[in-house]
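The structure under discussion appears below in the form of structure tokens.
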Amino acid sequence: MSSIAKPKQFQLPRIFPRPKSHKGLWYWLATVDHKKIGTMYGLVAFFWFLVGGIEALLIRLQLGQAESSILSPEVYNQMFTMHGTTMVFLVVMPLSAAFFNWIVPLQIGARDVAFPRLNALSLWVFIFGTILMNISWFVGGAPNGGWFGYPPNSSLGFNPGNGITYWVMGLNILGVASIAAGLNFIVTIINMRAPGMHMMKMPVFTWMTLITSVLIVLALPILAVAGIQLTADRIYGTNFFNSEAGGDPIFWQHIFWLFGHPEVYILILPAMGIVSEVLPTFSRKPLFGYTAIVFAGIVIGFMGWFVWSHHMFTVGLGPAANTAFTITTMLIAIPTGVKIFNWISTLWGGSIKLNTSMLFSIGFIAMFTIGGLSGVTHAASPSDAQQQDTYYIVAHFHYVLFGGSIFAIFSGIYYWWPKFTGWLLDEKLGKINFVLMFIGFNLQFGPMHWLGLNGMPRRIYTYTEDMGWEDSNLAATLGGLIIAISVLVFLGNIILSKRKKQNSGGDPWDARTLEWSIASPPPHYNFVQIPKVKHIDDWWYRKYPELLEGNNQNIKKQKIEVEDSSNVDESKIHMPDLSYYPLIIGVGLTIAALGVMYTYALVTIGLIMVFWGSIGWSTEPVNEDSKEHH
Amino acid sequence: MSTNVTIHHGEEINNSTGVSHKKLLMWTFLGSDVMFFGTFIATFMAYRNKSLNGPYPEDTLNIPITSVSTFVLLMSSLGIVLALHYLKEAKMGLAKFWLLLVIIMGIIFIGFQIYEFSHFAHMGMTPQVNLFGSTFFTLTSLHGAHVSLGILWLIFLLINEHRGNLNSGNAIDLEIAGLYWHFVDIVWIVIFALLYLITANDGVPPGSIPWIGGH
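Protein sequences appear in the order of chains B and G. Start counting at 1 in the first sequence, then tack on 224, and there's your number in this note's numbering. Start counting at 1 in the second sequence, then tack on 117, and there's your number in this note's numbering.
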């Protein structure tokens, strides 16, 4: 800190006063609290989960019987494109981000993330990006090129509407949000761990967040480049994917999947982190093979970069490339298998408590294993040549992304809900939610395996009766409806449990990691005292120190309570003040992106807002009260 | 990018590595930016000698002129090192002088780029004309956008230096901008080597139409 007396800090003239009140809408628009930001990520992503689910249901209703005409072929294309894009970028990624935001600072014993305003920026850019992409429904048709957007199908000549451009601009805006959040969490995890928490004492969820964030900041720029090139082709007439000028549509496939395969691990690693927290807690045992699980995660994150061409086995890259990518793809099953065996070993011999969260985690292991095994079958390029673009592939990736990611996310919701709110979700309804989702999921995606092996191609809007696909498709549609009911049960559970408000206390599960050592919901500064960490699962060993001496018999829980934050002098804890500049930059970026499609006037307005927001941001003090003291 | 010295929440208590949050953020961001430029450079190399019609690199690129702007940009890296050095020693006059010089050198570089672009456009080389044009203009203009952003940032810092808000106590803010500036320079070394020095003699690829110049 400088000892030189400073002149008054320059500040932009304010159009609105800096928000102070910690209540009301204005507070939510200007908050920089990682917990509030996490809540908003969760709510917005859950809204899109419902939208993406309705899109899926419409697809299933259309395919439920042969030659039905609920959706026209054009709308069907828009539906599967937006279902895929929504579920990947608007649901699983931001739901993971909601957990990163809520849980990571609490698990590492920090009061917030490293850059709270940057965190708010990620949130707002994300929210406006989702809106931007979905505006396309109302202005001439949603994107219809699949979530991978292959040219020339996505080129202007074959796709003259604005849908694809909305898709690309939306993805690029969402990419900005993801990269900013990724950078923030890397710095937070590397730099803000509580004293004593070495890297190898971090909770596994935090580890997986770190690996995911590294993948995000390295993979999303590649998508950004692909997006810029496609936009330039569509709007400015460049030749990147224009075969008439020598451009190569296959080049898009390479860069898209060079992003797209790490993206798959961006979707699954947070889920693996959640499961690695839930299983030890409800087995009342340490995670089996902590080091192996962490290193398996790192190896997956690394090897994820060398498998992208397995999405392109039928393109005709030649036997050398196909063999190489077959081998790398099969190798990646090894670290994944290491994790699965470690999770099963964690359960082995534990005092297992089968509550909803645990059921979802065990369901995750089973479903993810099935999805992983079917994945190995198309890692072999000759067998993939039979499976490419069939429903077998659809079955595979839904087993890893729904049976994997979404199951783990539900497990995480049931697990951390009392930490978020201070009250418990109802267990009976929770179990109904799990059972319905489990049955519905398998009924929907199980039959797709044999549909695909019987030759039913993906992305067809209908089929004829004589194909013999009707029974399996009807079963899949019924499964989809059962999943929809299970989601309604989940929403009902929230409403009914909120009415009951069964107080959870700070540590309802007798859990292991630091987030359970403080009150629920946590005070806005999280920890009254920054904890000093000695062990992996530090909170557990503070409660049961005898376990450290190898004594497993007649253990008594120490009388140790979660941190009491009722009589704290909050003026001694300086937290960053509210700021509306992140919101302004988010709006500006989105307006600029819209302007690229319509008029440069909008681009100019958007960039002025971004500039104004940036200058305002960098000249306002982080914390107004503390500036006199330092 | 904050230039004030208020205490960051938790920065004192929680700093596991001893590297400031901001510096770590910049290094991480640069890692991300490597992938951004890397993909554009890969695109350029993948499409090298694939244009079906002219103008080709040998018709357009002018190594001597671009060498001058390259030299100016590289010297600006030295300038920002000196600006930071004098700022840390609290020699404010020299610090401001060198920072101003860096800004001027950055503007000269952008000036050369604008000249080059308009010259190319005048001879009929546009982003639309062929693959060389598409890949060349996207890569160099996005690099130019990075330099321009850097210039705005340095101007902002120079104003703060002038008002006394940036001093030896928070020289880290200039150091971080310097990291960014050096990175953008290093990227230009790669671009200059690949897009100019190596491709400058690329003529008509086999099977493509020779360029007869003009419109």
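Ideal Cβ positions, reconstructed from N, Cα and C, are used throughout, including at glycine.
Can you tell me the Cα-Cα spacing of residue i and residue j, whole angstroms?
i: Ile617 (chain B); j: Ser581 (chain B); result: 28 Å
i: Met162 (chain G); j: Ser265 (chain G); result: 25 Å
i: Pro606 (chain B); j: Val562 (chain B); result: 26 Å
i: Met146 (chain G); j: Gly596 (chain B); result: For the sequence presented, residue 146 (chain G) should be read as Phe rather than Met. For Phe146 (chain G) and Gly596 (chain B), the distance between alpha carbons rounds to 33 Å.
i: Ser467 (chain B); j: Gln245 (chain G); result: 13 Å
i: Lys855 (chain B); j: Met421 (chain B); result: Missing from the structure shown is residue 855 (chain B); chain B here goes from 225 to 854 and no further.
i: Asn121 (chain G); j: Asn284 (chain G); result: With a pLDDT of 35 at Asn121 (chain G), under the threshold of 50, the modelled position of this residue cannot be trusted, and the question is left open.
i: Thr183 (chain G); j: Leu312 (chain G); result: 11 Å
i: Ile517 (chain B); j: Ile760 (chain B); result: 14 Å
i: Gly148 (chain G); j: Phe584 (chain B); result: 36 Å
i: Asn657 (chain B); j: Lys724 (chain B); result: 18 Å
i: Thr748 (chain B); j: Asp257 (chain B); result: Reading off the sequence shown, one finds His at residue 748 (chain B), where the question assumed Thr. Looking at the two C-alpha atoms, the distance is approximately 7 Å.
i: Pro845 (chain B); j: Asn170 (chain G); result: 56 Å
For residue i, count neighbouring C-beta atoms within 10 Å of its own C-beta (all shown protein chains included) and say buried if the count is 16 or more, exposed if not.
i: Asn903 (chain B); result: Outside the shown range of chain B (225 to 854) lies residue 903 (chain B), about which nothing can therefore be said.
i: Val400 (chain B); result: buried
i: Tyr805 (chain B); result: buried
i: Met691 (chain B); result: exposed
i: Asp762 (chain B); result: buried
i: Val775 (chain B); result: Rather than Val, the amino acid found at residue 775 (chain B) in this sequence is Asn. The residue in question, Asn775 (chain B), is exposed, as its Cβ has fewer than 16 Cβ neighbours within 10 Å.
i: Asn318 (chain G); result: exposed
i: Val307 (chain G); result: exposed
i: Phe270 (chain B); result: buried
i: Tyr390 (chain B); result: buried
i: Ala418 (chain B); result: buried
i: Arg683 (chain B); result: exposed
Determine the chain B residues that contact residue i at a beta-carbon separation under 8 Å, and present them in chain order.
i: Val136 (chain G); result: Asn415
i: Gly148 (chain G); result: Val441 and Leu442
i: Pro244 (chain G); result: Ala456, Tyr460, Gly461 and Thr462
i: Ser235 (chain G); result: By Cβ distance, chain B contributes nothing, its closest Cβ being about 17 Å from Ser235 (chain G), past 8 Å.
Taking residue i as the query, report the chain B residues whose CB atoms sit under 7 Å from its CB, ordered along the chain.
i: Ala200 (chain G); result: Within chain B, no residue comes near Ala200 (chain G); the closest Cβ sits about 18 Å away, beyond 7 Å.
i: Thr145 (chain G); result: Leu407, Ile410, Val411 and Val441
i: Leu291 (chain G); result: Within chain B, no residue comes near Leu291 (chain G); the closest Cβ sits about 13 Å away, beyond 7 Å.
i: Leu141 (chain G); result: Val411, Ile414 and Asn415
i: Leu211 (chain G); result: Ordered by position in chain B, no residue passes the 7 Å Cβ test against Leu211 (chain G), which lies about 17 Å from the chain.
i: Leu169 (chain G); result: Ala469 and Gly470
Name, please, each residue of chain G whose Cβ falls closer than 7 Å to the Cβ of residue i.
i: Ile403 (chain B); result: Ser149
i: Gly471 (chain B); result: Leu248
i: Ala448 (chain B); result: Phe153
For residue i, go through chain G and note every residue whose CB falls closer than 9 Å to its CB, in chain order.
i: Phe475 (chain B); result: Thr160, Ala163 and Tyr164
i: Pro445 (chain B); result: Ser149, Asp150, Val151, Met152, Phe153, Phe154, Gly155 and Thr156
i: Gln726 (chain B); result: Ordered by position in chain G, no residue passes the 9 Å Cβ test against Gln726 (chain B), which lies about 33 Å from the chain.
i: Phe549 (chain B); result: Correct list: empty, because the minimum Cβ distance to chain G is about 18 Å.
i: Ile452 (chain B); result: Phe157, Thr255 and Leu259
How about residue i: is its C-beta nearer than 9 Å to some C-beta of chain G?
i: Gly461 (chain B); result: yes
i: Gly484 (chain B); result: no
i: Gly315 (chain B); result: For clarity, residue 315 (chain B) is Val in the given sequence; the question names Gly instead. Not closer than 9 Å to any Cβ of chain G, the Cβ of Val315 (chain B) fails to qualify, so no.
i: Ala817 (chain B); result: no
i: Ile707 (chain B); result: no
i: Ser789 (chain B); result: no
i: Met421 (chain B); result: yes
i: Phe339 (chain B); result: yes
i: Ile435 (chain B); result: no
Any C-beta of chain B sitting closer than 9 Å to the C-beta of residue i?
i: Gln230 (chain G); result: no
i: His332 (chain G); result: Annotation note: pLDDT 48 at His332 (chain G) (below 50); position unreliable, no value reported.
i: Phe188 (chain G); result: no
i: Thr335 (chain G); result: As displayed, chain G neither begins before 118 nor continues past 332, which places residue 335 (chain G) out of reach and without an answer.
i: Phe273 (chain G); result: yes
Among the residues of its own chain, which have a CB less than 7 Å from the CB of residue i, if the five just before and after it don't count?
i: Pro174 (chain G); result: Phe249, Thr316, Ala317 and Asp319
i: Ser696 (chain B); result: Pro671, Trp674 and Leu675
i: Leu660 (chain B); result: Ile706, Ile709, Ser710 and Val713
Spatial neighbours of residue i within its chain, please: CB distance less than 8 Å, with the 5 preceding and 5 following residues excluded, ordered by chain position.
i: Ser292 (chain B); result: Leu285, Gln286 and Thr686
i: Trp841 (chain B); result: Arg341, Ser803, Tyr805, Pro806 and Ile809
i: Ser245 (chain B); result: Tyr251
i: Ile294 (chain B); result: Leu282, Leu285 and Gln286
Please list, in chain order, the chain G residues whose beta carbon lies closer than 8 Å to that of residue i.
i: Ser522 (chain B); result: The displayed chain sequence assigns Ile, not Ser, to residue 522 (chain B). In chain order: nothing, as chain G lies at least about 16 Å away.
Can you list, in chain order, the residues of its chain whose CB lies under 6 Å from that of residue i, leaving out five sequence neighbours each side?
i: Ala699 (chain B); result: Leu667 and Pro671
Cβ-heavy atom distance between residue i and the ligand ZN below 8 Å?
i: Ala290 (chain B); result: What this structure holds is no ligand at all, so the ligand ZN is not there to describe.
Contact set between the segment 478–510 of chain B and chain A, restricted to residues whose Cβ is under 7 Å from the partner
Reference to chain A is not applicable here, since the protein chains of this structure are B and G.
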